[in-house]
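*Asks:* Chain order of the listed sequences is B and W.
Using the numbering used here, the letters of the first sequence map in sequence onto residues 1114 to 1573.
Using the numbering used here, the letters of the second sequence map in sequence onto residues 306 to 801.
Mind having a look at this structure? Questions to follow.
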Amino acid sequence: MRYLPKSPADREAMLKTIGLGSVDELFAPIPAEYRLSRDLKVPRQMAESEIVDYFRQRSRENGEGYTSFLGAGAYAHYRPVIIDSLISRGEFLTAYTPYQAEISQGTLQSIFEFQTMICELTGMEVANASMYDGSTAAAEGVMMAVRLTGRRSVVVARSLHPEYREVLATYATHQGMPLSVAGFGENGRLNLKELEKSITPETACVLIQSPNFFGTIEDVAAIAEVAHKHGAMLVVSIAEAVSLGIVEPPREADVIAMEAQSFGVPLGFGGPYCGVIATREKYVRQMPGRLVGQTVDKQGRRGFVLTLATREQHIRREKATSNICTNQALVALMVNIFMTVYGKVGLKELARQNLAKAAYTAEQFAKHGKVLFAGAPRFNEFVVQTKEDPHAINSRLLRHKIVGGLPLNKFYPELRNAALWCCTELTTRNSIDAAVRLVADRDASAPSTKEEAGVEEVAR
Amino acid sequence: MKNRIRKATRHVNQNEGLIFEKSSSGKAAWKLPPLDVPEVDASKLLGSAERKDLGSMPEVSEIEIIRHFTRLSTWNYAIDLGMYPLGSCTMKYNPRVNEAVARVEGIANGHPYQPEKISQGALNILKTLSECLIDITGMDAITMQPAAGAHGEMTGLLMVRAYHQSQGNARKKILIPDSAHGTNPATAAMVNYAVENLKSDARGMVDIGALEAQMSEDVAALMLTNPNTLGVFEQDIHKIADILHAKGGLLYMDGANMNALVGKVRPGDFGVDVMHLNLHKTFSTPHGGGGPGSGPVAIKKILEPFLPTPVVVTKDDGTLGFDYNRPHSVGRVRAYYGNFGMFVRALAYIQANGPEGLRQTTEDAVLNANYIRKGLEGAYDLPYSTATMHEVVFSDKLQAKKGVRTMDIAKRLIDYGFHPYTTAFPLIVPGALMIEPTESESKEEMDLFIDAMKSIAEEVEEDPQTVLDAPHSTRVSRLDETAAARKPILRWKPSV
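The structure is reproduced here in structure tokens:
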């Protein structure tokens, strides 16, 4: 076995040193009746070349070569090459959580920089070293508000990512945290009247997303005012981190629960991604997850350590702020490198391109059909309503190697025949024009050979 | 400094400030293609929501970023540099083919909402890995959704709760041995169960008498790590399972230590009802400085209705798809399907091993731990003499007489070129030194480790101050953690 660094002679010598005659004696503590006497039913041992072939084959069955207009919490942005060069360094890749600070300064300093940039971008004062993803970060953000307010119920915007809502419901079920939902208005924003009605003196927090699931930017200040008036906190989920380059961060929020996947993390069929929680300094002791702090060594040199560990499970056990232990450190490093590459000017330009692409696409769609939720600003996603079932449209697009917008009938049956479209800096005008044409062309039968060739050109 | 340090030599490494300290206006490491759609007026589109300024985000060039992170990386210890004997963490080799296949285009760039028709590759990986893990654990079904071990624990306990609820009574508490990981009680609290501690006996195993006395119809489950955190296999496991089952309780197994069992014994065969695995421990996905992990939860048939949604199924036409229609499900525990990239790596690891490789891996892991135990017996106190599986726990009792504690020995080990073992855990051993070599260490590397540990034990006798002041060879000496916590500085700020 090529990963095992021992010869049969080594094993013999070691057994002899231990004073055993055979390997079986090492397993004597396991009652004989439970010991497995057959081979595991797993694939036979494969050569490296066979493993690579196997996954290349799976890759070909997995949307390779398609142009996609999907977003909905998972965004296709360009990943600078140096991200993978740097995270592939064994000193980052194969290190453990930096408990031993003296030989983990690389990881610790990079997390400190990550925390700083997240604070800078979100307008918050402290940020943790990562949560599993945006959905669990939102749930943990809500639980934080529950601890801070001593209240238990939660108002959730219906325009929050539906799967985030499901995750929150799972977390809340056994915490005795009643959830109520506030709907959205004509412009796609949270309906403030409904919000007013939903808040009670027991409301710990209001949880919204901005840009919300439809890509619409919420009026965070107005929502914060309503929440705060009733003594509730405001937790804002941000699923599309690139928006922070050009959209004002929700500074009025008390807690920001973010998904940073957009910052250099591969789509990877849904994970691993990078959740983050950012908040005010005064709330830091109720924050879940790891935090890195600056300090000095015995000689007064600057150094970094994991800090405020008394919040955490390995110290506090059942009284911890969360059970989270292993988080998403290497993914946070990708995010960190991405933020460093684009920086102060690049992030803004990147966001501007996203804004322009989506604006152009929405404009094209508006010529042929209905783009919902006009009247409120949006970032890089928007909802298109069609006469035809979006699934039928998508089947048509798929023949041209285009993955159309996400049909919303499963999540929002009230928005009949609607689909959520996303454009990023990677979406080309050619593919936009092709997609818009195919959506509009509802009577089109299977494309002619000539047309197909043309579209394939576009889709490449 | 005494010179028995054979594994490491000091060498120059580069100083490096914070990235913000290198930033200056006009430098850039990015370039976007020309915009192929009309430019937009952001203030017109966004109005008051437009952001004008990104504060003190850095502006640096590409070479500076490469040097910055490369320099930082050289300040870390890593498995790639040498033995990383953190007990309970299973710091084994992270194969590079795993990294390569995780980056193949269709796998790295698959969108979670792309149609199932063009997701067969990913679904196939999910299904194949699930089947492997089900056979490895001897269980009946599995969810791949949890993002890490602690998240798996939560998912497992949610299913336990749902099961009991379906029986008419959710029950009130979870029994947890005093040797357990901190995540176990923290998880029980998140699922709103009370935690009741269970004492270990003189062998370091669950005290069967205590379990019998504490078991009642209020107990939903026992969360047991097996082998436990002393590296000891719970020999009375069948009795433990019987005691629980007799009163309708379930046996949860924390699979953190599964590296001692794969291919040799299956938890499903010894009475476990629900367990999580850590793909980032047993199945070689990299720890990455603290994640990403992956914590699949394997279960017996009785818990299957409660699995998180969605579940991978084979459809009538033979293709794979997701089933969302599961009325008894505990719900989702995260968005999408889990840390899919880790599934790719874990499957590649299983393929590289095959059945015989997995078994040999387990045997080598246990052999290594026993070799270290033999090598260090006498030099360090062994509080439990019970047979060792994949990790061994010593205490600092002998060294404490000279005022040297486990953390001091750990710090001194750094000078010898090793990452420390796990300190001060499990809690039932005062001053614990918890050592897990994994299968990835050669005899030579372990001989060096044993030699280093013995040398430190001698230093404690002859010159304890050297150990107390360690490490001596690192960029920074021991850091002031108290100051860090008292007045937290959690971000850089520009000097005014």
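C-beta atoms are modelled at their ideal positions from N, C-alpha and C, and glycine is treated no differently.
Cβ of E1226 (chain B) less than 7 Å from any chain W Cβ?
*Replies:* At least one chain W Cβ lies under 7 Å of E1226 (chain B).
*Asks:* Return the residues of the stretch 485-515 of chain W that lie within a Cβ-Cβ distance of less than 7 Å from chain B, sorted by chain order.
*Replies:* Residues G487, T488, P490, A491, T492, A493, A494, M495, V496, N497 and V500.
*Asks:* Against chain W, does D1502 (chain B) count as a neighbour if the rule is that its beta carbon must be under 7 Å from one of theirs?
*Replies:* Answer no: the Cβ-Cβ gap between D1502 (chain B) and chain W never drops below 7 Å.
*Asks:* Cβ of R1393 (chain B) less than 7 Å from any chain W Cβ?
*Replies:* With 7 Å as the cut-off, R1393 (chain B) does not count as an interface residue toward chain W.
*Asks:* If we define contact as Cβ-Cβ less than 7 Å, is C1232 (chain B) a contact residue for chain W?
*Replies:* So, interface residue.
*Asks:* Is Y1396 (chain B) helix, strand or coil when you go by DSSP?
*Replies:* Helix at Y1396 (chain B).
*Asks:* Starting from the N-terminal side, write out each stretch of the alpha helix (DSSP H) that is 4 residues or longer and does not extend beyond the stretch 530-560 of chain W.
*Replies:* Fully enclosed alpha helix (DSSP H) runs of 4 or longer: 542-551.
*Asks:* For T1408 (chain B) and D785 (chain W), which I take to be in contact (beta-carbon distance under 8 Å), what is that distance rounded to the nearest angstrom?
*Replies:* T1408 (chain B) to D785 (chain W), Cβ: 5 Å. Contact.
*Asks:* In this structure, what does DSSP give as the bridge partners for I481 (chain W)?
*Replies:* Paired residues: W:N502.
*Asks:* Who are the neighbours of H1287 (chain B) on chain W, taking C-beta pairs under 7 Å?
*Replies:* Per Cβ cutoff of 7 Å: R466, V496 and N497.
*Asks:* What does DSSP give as the partner residue(s) for H581 (chain W) in the beta ladder?
*Replies:* DSSP, once it has assigned bridges, lists W:D559 and W:V602 as partnering H581 (chain W).
*Asks:* Helix or strand or just coil, what does DSSP make of S1181 (chain B)?
*Replies:* Strand, per DSSP.
*Asks:* Under 7 Å between C-beta atoms, does S1272 (chain B) make it to chain W?
*Replies:* With 7 Å as the cut-off, S1272 (chain B) does not count as an interface residue toward chain W.
*Asks:* Give me, in chain order, the residues of the same chain whose beta-carbon lies closer than 6 Å to that of P532 (chain W); leave out the 5 immediate sequence neighbours on both sides.
*Replies:* Around P532 (chain W): F538, N562, A565 and M694.
*Asks:* Quick check on DSSP: helix, strand or coil for L784 (chain W)?
*Replies:* Of the three classes helix, strand and coil, the one that applies to L784 (chain W) here is strand, per DSSP.
*Asks:* Please report the Cβ distance between R664 (chain W) and G568 (chain W), rounded to the nearest whole angstrom; I am assuming they are in contact, meaning their Cβ atoms lie under 8 Å.
*Replies:* With 8 Å as the limit, R664 (chain W) and G568 (chain W) qualify as a contact, their Cβ atoms being about 4 Å apart.
*Asks:* Measure the Cβ-Cβ separation of A653 (chain W) and T590 (chain W) and say whether it is below 7 Å.
*Replies:* Their beta carbons are not under 7 Å apart, which means A653 (chain W) does not touch T590 (chain W) by this criterion.
*Asks:* So with Cβ pairs under 7 Å, would you call C1438 (chain B) a contact of chain W?
*Replies:* So, interface residue.
*Asks:* Anything in chain W within Cβ reach of D1410 (chain B), meaning under 8 Å, just list it in chain order.
*Replies:* Those are V781, S782, R783, L784 and D785, listed as they occur along chain W.
*Asks:* If we cut at 7 Å on Cβ distances, does A1214 (chain B) have a partner in chain W?
*Replies:* So yes, A1214 (chain B) belongs to the interface.
*Asks:* Counting contacts by CB-CB distance shorter than 7 Å, is V802 (chain W) in contact with chain B?
*Replies:* Any answer about residue 802 (chain W) is impossible in this case: the structure gives chain W only from 306 up to 801.
*Asks:* Name, going along the chain, the residues of the stretch 1520-1539 of chain B whose beta-carbon falls closer than 7 Å to a beta-carbon of chain W.
*Replies:* Cβ contacts with chain W: E1538.
*Asks:* Could you tell me whether the Cβ atoms of K717 (chain W) and I761 (chain W) are closer together than 7 Å?
*Replies:* The amino acid occupying residue 717 (chain W) in the given sequence is Arg; Lys does not appear at that position. Yes; because the gap between Cβ atoms is below 7 Å, this pair is in contact.
*Asks:* Relative to the C-alpha of V1389 (chain B), which candidate in B:V1496, B:L1303 and B:A1240 has its C-alpha closest?
*Replies:* Considering only alpha carbons, the answer is B:A1240.
*Asks:* Mapping the DSSP letters down to three states, classify K1483 (chain B) as helix, strand or coil.
*Replies:* In the structure shown, K1483 (chain B) sits in a strand (DSSP, three-state: E or B).
*Asks:* In the structure shown, what three-state DSSP assignment does Y1191 (chain B) receive?
*Replies:* Of the three classes helix, strand and coil, the one that applies to Y1191 (chain B) here is coil, per DSSP.
*Asks:* Contact criterion: CB-CB distance below 7 Å. Does M306 (chain W) meet it with respect to chain B?
*Replies:* Legend: pLDDT at M306 (chain W) = 47, less than 50; position of this residue unreliable, value from coordinates given subsequently. For M306 (chain W), the answer is no, since every Cβ of chain B falls outside 7 Å of its Cβ.
*Asks:* Rounded to a whole number of angstroms, what is the C-alpha to C-alpha distance between N318 (chain W) and R376 (chain W)?
*Replies:* Using only the alpha carbons, I get a separation of about 8 Å.
*Asks:* Going along the chain, which residues of its own chain have a beta-carbon closer than 8 Å to the beta-carbon of E1276 (chain B), five neighbours each way excluded?
*Replies:* Excluding residues within five positions, the ones whose Cβ falls inside 8 Å are G1186 and S1248.
*Asks:* Identify the residues that DSSP records as bridge partners of Q1407 (chain B): which are they?
*Replies:* BP columns for Q1407 (chain B) point to B:F1417.
*Asks:* Y389 (chain W) touches chain B at which residues, Cβ-Cβ below 9 Å?
*Replies:* Result: T1207, A1208 and Y1209.
*Asks:* Under 9 Å, CB to CB, which of the residues in the stretch 323-337 of chain W have a partner in chain B?
*Replies:* For the stretch 323-337 of chain W, which is checked against every Cβ of chain B, the residues closer than 9 Å are L323, I324, F325, S328, S330, G331, K332, A333, A334, W335, K336 and L337.
*Asks:* For chain W, check one thing: does any of its Cβ atoms lie closer than 7 Å to the Cβ of M1604 (chain B)?
*Replies:* Residue 1604 (chain B) is absent from the structure shown; chain B starts at 1114 and stops at 1573.
*Asks:* My understanding is that P1156 (chain B) touches Q656 (chain W), with C-beta atoms under 8 Å, so please give their C-beta distance in whole angstroms.
*Replies:* Right, their Cβ atoms sit about 5 Å apart.
*Asks:* Give a yes or no on whether 7 Å exceeds the smallest Cβ distance from G554 (chain W) to chain B.
*Replies:* Taking Cβ atoms only, chain B never reaches closer than 7 Å to G554 (chain W), which makes this a no.
*Asks:* Going along chain B in order, which residues have a C-beta closer than 8 Å to the C-beta of V709 (chain W)?
*Replies:* None at all; the shortest Cβ gap to chain B is about 17 Å.
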